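Enquirer: There's a structure below that I have some questions on.
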Amino acid sequence: MLPKKTPAPEVFILKKGKTPNLVRGMKDILPVDWPWWNLVMNKVVSIASDFGFERIETPILEEQNLFVRSVGKDTDIIEKEMFVFTDRGGDNIALRPEGTASVVRAYLEHGFMSLPQPIKLFYLGPMFRYDRPQSGRYRQFWQFGFEIIGDGHPVVDAETVALGATILQELGLPVKVQINSVGDAASRIAYVKVLTEYLKSRKSQLCEDCKKRMLKNPMRVLDCKVETCQTLVQDAPAFLDHLSEEAKEHFTKVLEHLDDMEVVYDLNPRIVRGLDYYTHTAFEYIPADDVGTEKQQSALGGGGRYDGLVETFGGRPTPAIGFACGIERVIIQMKARGIQPPTPPRPDVFLAQLGDAARKKTLKLFREFRALGVKVAATFSKTSIKTQLEAANRLRAPFTLILGQKEMVDGTVLVRDMESGIQEVIDFSKAIPEIQKRIKKTNGDKIILNPEVK
Ligand code: AMP
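Under the working numbering, think of the first position of the sequence shown as 1, with each following residue one higher.
The structure is reproduced here in structure tokens:
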């Protein structure tokens, strides 16, 4: 019998083709953008730590129902904006449109309720909404958010409002808080009744969407962007006039505490924050210059109390409050105000080499500098000293160590001061202490000697 021939393995070779497109409404965050992103993220992380918040990151994918039950089925987010799909197992999944519902899910899932309350959490990550893309409005956008779960005291509302304003102000963005109360369940029933009556009597002036909203979720008419609806809601009954005694008392105390903390705010009856889970205090952060102009619609962030959400998800009644800000919008504002992020740190030393043997030696030297905490840079693939010195200049390295063929033979190395161009020959074995000495002299930096890292 002839031996069986094994078939030759198929070889897949990628074919040339069209350049792929970015999905509509998505954005790359490019290296030039990162100094701003780092500035915002570092500020969020450092303020969170100052105020005793711990980080939580929940998955981007959640069960669709999580948001339907919390945000509310008659909201824009659920009706039109959620990215949803059925996974291979047949489950209905959503790309998270916001962070609060997931944080509350995690609070319950991980037994945070049995820890001393309140639980103070923050997050930083991408959210997804199938919105109409335009400036400052994307389908993937990042938010940082803060949540305090398990404390219903009005001073916590004021502290939360102040916290967001502090972050934005410390990023160089003066903001004015727009604040309102959407009360408790009793207030909402009373208010929705009078609001519906008001809207019904003016139905013909409402946009087509609002005619439906008026019946399903009339409070949403208050934040409709259509001009005729906006004019109409100017004279609509205000929630504040329909608050229950308890809700009124809570809100009055929140405002008193904000006054104590010298937070600047406007009472704005149109801030109702569309989502079903909000109760009591609702607020938004508007760039101070935009207040009273048409740009006022583009809030940098917003939030509110959501005292019923933990219970909605099967937990015991637990008061909670939080806010989220859009990072892209914050950065747009920072750029508009001419705020510059700090220039990225420069390397302490650049290593240039000529020839294979020198490259080997500088590869080792590179690791030794790193182990000592010295910021070191090199372009090992380059063979011309000129090109390497250009790279060193571009990176703003103050010194370059040059290891050419002559130095290899002599056991020396050249130290070049990049500003003056003065070069000195030193013993190769002195390279590290010499650079450490020079760095100390130039920027007073402390070099951390870490003998354990080799
Ligand atoms: P919201 O949860 O809708 O109140 O959003 C809070 C903040 O997230 C807003 O004030 C914006 O800064 C930001 N944001 C919301 N939707 C978008 C979007 N589609 N694109 C960019 N930023 C957004």
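Beta carbons: idealized from backbone N, C-alpha and C, even for Gly. Remember, it's a predicted structure, so these values are computed and weren't measured experimentally.
How big is the Cα-Cα spacing for F323 and T279?
Expert: Start at 1 with the first residue of the sequence shown, and residue 323 comes out as number 323. Start at 1 with the first residue of the sequence shown, and residue 279 comes out as number 279. Straight-line Cα distance between these residues: approximately 13 Å.
Enquirer: Within 10 Å of its beta-carbon, does H110 have 16 or more other beta-carbons around it, so buried, or fewer, so exposed?
Expert: Within the sequence shown, residue 110 is the residue found at index 110, counting from 1. So H110 ends up on the exposed side.
Enquirer: Taking C-beta to C-beta, are A378 and L414 nearer than 8 Å?
Expert: Position 378 of the sequence shown, counted from the first residue, corresponds to residue 378. Position 414 of the sequence shown, counted from the first residue, corresponds to residue 414. No, the pair does not count as a contact, with Cβ atoms beyond the cut-off.
Enquirer: Between R270 and the rest of its own chain, which residues show a CB-CB distance below 7 Å, the 5 nearest in sequence each way excluded?
Expert: Residue mapping note: residue 270 aligns to position 270 of the sequence shown, counting from 1. The answer, listed in chain order, is L222, D223, V233.
Enquirer: From this set, I402, D410, V264, T100, which residue's C-alpha is nearest Q178's C-alpha?
Expert: Here residue 178 corresponds to residue number 178 of the sequence shown, with the count starting at 1. For Q178, the nearest C-alpha among the options comes from V264.
Enquirer: Report buried or exposed for T75, applying the criterion of at least 16 other Cβ atoms within 10 angstroms of its Cβ.
Expert: The count along the sequence shown starts at 1 and reaches residue 75 at position 75. Label assigned to T75: buried.
Enquirer: What residue range does the alpha helix (DSSP H) around Y191 cover?
Expert: As a working note, residue 191 is residue 191 in the sequence shown. First-last of the alpha helix (DSSP H) with Y191: 185-200.
Enquirer: Contact between the stretch 67-82 and the stretch 351-361 is defined here as three or more beta-carbon pairs at a separation below 8 Å; is this criterion met?
Expert: With the cut-off at 8 Å, the stretch 67-82 and the stretch 351-361 do not touch.
Enquirer: In angstroms with no decimal places, state the Cα-to-Cα distance between N217 and D28.
Expert: In the sequence shown, residue 217 corresponds to position 217, counting from 1. In the sequence shown, residue 28 corresponds to position 28, counting from 1. Roughly 36 Å separates the two Cα atoms.
Enquirer: If we count the other Cβ atoms within 10 Å of its Cβ and call it buried at 16 or more, is D260 buried or exposed?
Expert: Stepping through the sequence shown from its first residue, residue 260 is reached at position 260. Exposed is the call here.
Enquirer: Near A299, what residues of its chain come up, given a Cβ to Cβ distance below 7 Å and the 5 sequence neighbours on each side ignored?
Expert: Stepping through the sequence shown from its first residue, residue 299 is reached at position 299. Correct list, in chain order: E284, Y285, I286.
Enquirer: From which residue to which residue does the alpha helix (DSSP H) around P154 run?
Expert: Taking the first residue of the sequence shown as 1, we reach residue 154 at position 154. Here the alpha helix (DSSP H) through P154 covers 154-170.
Enquirer: State the DSSP-derived secondary structure class of Y265, mapped to helix, strand or coil.
Expert: Your numbering for residue 265 matches position 265 in the sequence shown. If DSSP states are grouped into helix, strand and coil, Y265 belongs with the strands.
Enquirer: Can you tell me where the beta strand (DSSP E) with R305 in it begins and where it stops?
Expert: Numbered from its first residue, the sequence shown carries residue 305 at position 305. Taken as a continuous stretch (DSSP letters only), the beta strand (DSSP E) holding R305 covers 301-305.
Enquirer: Assign F399 to one of three DSSP states: helix, strand, or coil.
Expert: Start at 1 with the first residue of the sequence shown, and residue 399 comes out as number 399. Strand at F399.
Enquirer: From the DSSP output, which residues share a beta bridge with A352?
Expert: Taking the sequence shown and counting its residues from 1, one reaches residue 352 at position 352. Answer is I402, bridged to A352.
Enquirer: Quick check: what's the CA-CA separation for L195 versus M219?
Expert: The residue labelled residue 195 in the question sits at position 195 within the sequence shown. The residue labelled residue 219 in the question sits at position 219 within the sequence shown. About 8 Å.
Enquirer: Rounded to the nearest angstrom, what separates E159 and K176 at their Cα positions?
Expert: Counting from 1 along the sequence shown, the entry for residue 159 is found at position 159. Counting from 1 along the sequence shown, the entry for residue 176 is found at position 176. For E159 and K176, the distance between alpha carbons rounds to 15 Å.
Enquirer: Mapping DSSP to helix, strand and coil, what is Q234?
Expert: Position 234 of the sequence shown, counted from the first residue, corresponds to residue 234. Q234: helix per DSSP, three-state reduction.
Enquirer: What first and last residue would you give for the alpha helix (DSSP H) that runs through T67?
Expert: Numbered from 1 along the sequence shown, position 67 holds the residue referred to as residue 67. Here residue 67 is Phe; the residue named in the question, Thr, does not match the sequence. 64-71 is the span of the alpha helix (DSSP H), which, as asked, contains F67.
Enquirer: Please state the DSSP three-state secondary structure of I13.
Expert: As a first step, residue 13 is located in the sequence shown; it is residue number 13 there, counting from the start. I13: coil per DSSP, three-state reduction.
Enquirer: Only counting the same chain, and skipping five residues up and downstream in sequence, which positions put a Cβ closer than 8 Å to that of K203?
Expert: The count along the sequence shown starts at 1 and reaches residue 203 at position 203. For K203, where only same-chain residues beyond five positions count, the Cβ hits under 8 Å are K211, M214.
Enquirer: Using only CA atoms, which one of N42, Q64, P118 lies nearest to G52?
Expert: For the purposes of this step, residue 52 is taken as residue 52 along the sequence shown, with counting starting at 1. Of the candidates N42, Q64, P118, the one whose C-alpha sits nearest the C-alpha of G52 is P118.
Enquirer: Taking only three categories from DSSP, how would you classify Y285?
Expert: For the purposes of this step, residue 285 is taken as the residue at position 285 of the sequence shown. DSSP places Y285 in strand when its eight states are reduced to three.
Enquirer: Where does A336 land, buried or exposed, given buried means 16+ other C-beta within 10 angstroms?
Expert: For the purposes of this step, residue 336 is taken as residue 336 along the sequence shown, with counting starting at 1. Looking at its Cβ environment, which holds fewer than 16 other Cβ atoms inside 10 Å, A336 is exposed.
Enquirer: Kindly confirm or deny that the stretch 83-101 and the stretch 28-37 touch, where touching means at least three C-beta pairs closer than 8 Å.
Expert: Cβ pair count under 8 Å is below three, so no.
Enquirer: Can you say whether I13 is buried or exposed, counting buried as having 16 or more other CB atoms within 10 angstroms of its CB?
Expert: As a first step, residue 13 is located in the sequence shown; it is residue number 13 there, counting from the start. Exposed, by the Cβ-count rule.
Enquirer: Helix, strand or coil, according to DSSP, for Y138 in the structure here?
Expert: For the purposes of this step, residue 138 is identified with residue 138 of the sequence shown, where counting begins at 1. It is coil, neither helix nor strand.
Enquirer: Pull up the distance between the alpha-carbon of E345 and that of T400, whole angstroms please.
Expert: In the sequence shown, residue 345 corresponds to position 345, counting from 1. In the sequence shown, residue 400 corresponds to position 400, counting from 1. The residue you asked about is not Glu; residue 345 is Pro in the sequence shown. Going by the C-alpha atoms only, they are around 16 Å apart.
Enquirer: Please list, in chain order, all residues of the same chain as E452 whose beta carbon is under 7 Å from its beta carbon, the five residues on each side excluded.
Expert: Counted from its first residue, the sequence shown places residue 452 at position 452. Residue placement at E452 is poorly supported in this model, since its pLDDT is 38, which falls under 50; the coordinates still yield a value, given next. Correct list: empty, nothing qualifies.
Enquirer: Sorry if obvious, but does the Cβ on L163 come closer than 7 Å to a heavy atom of the ligand AMP?
Expert: For the purposes of this step, residue 163 is identified with residue 163 of the sequence shown, where counting begins at 1. Not under cutoff, so the answer is no.
Enquirer: Measuring CA to CA, which of V310, R416, M408 is closest to L459?
Expert: Here the chain comprises residues numbered 1 to 454, so residue 459 is not present and cannot be evaluated.
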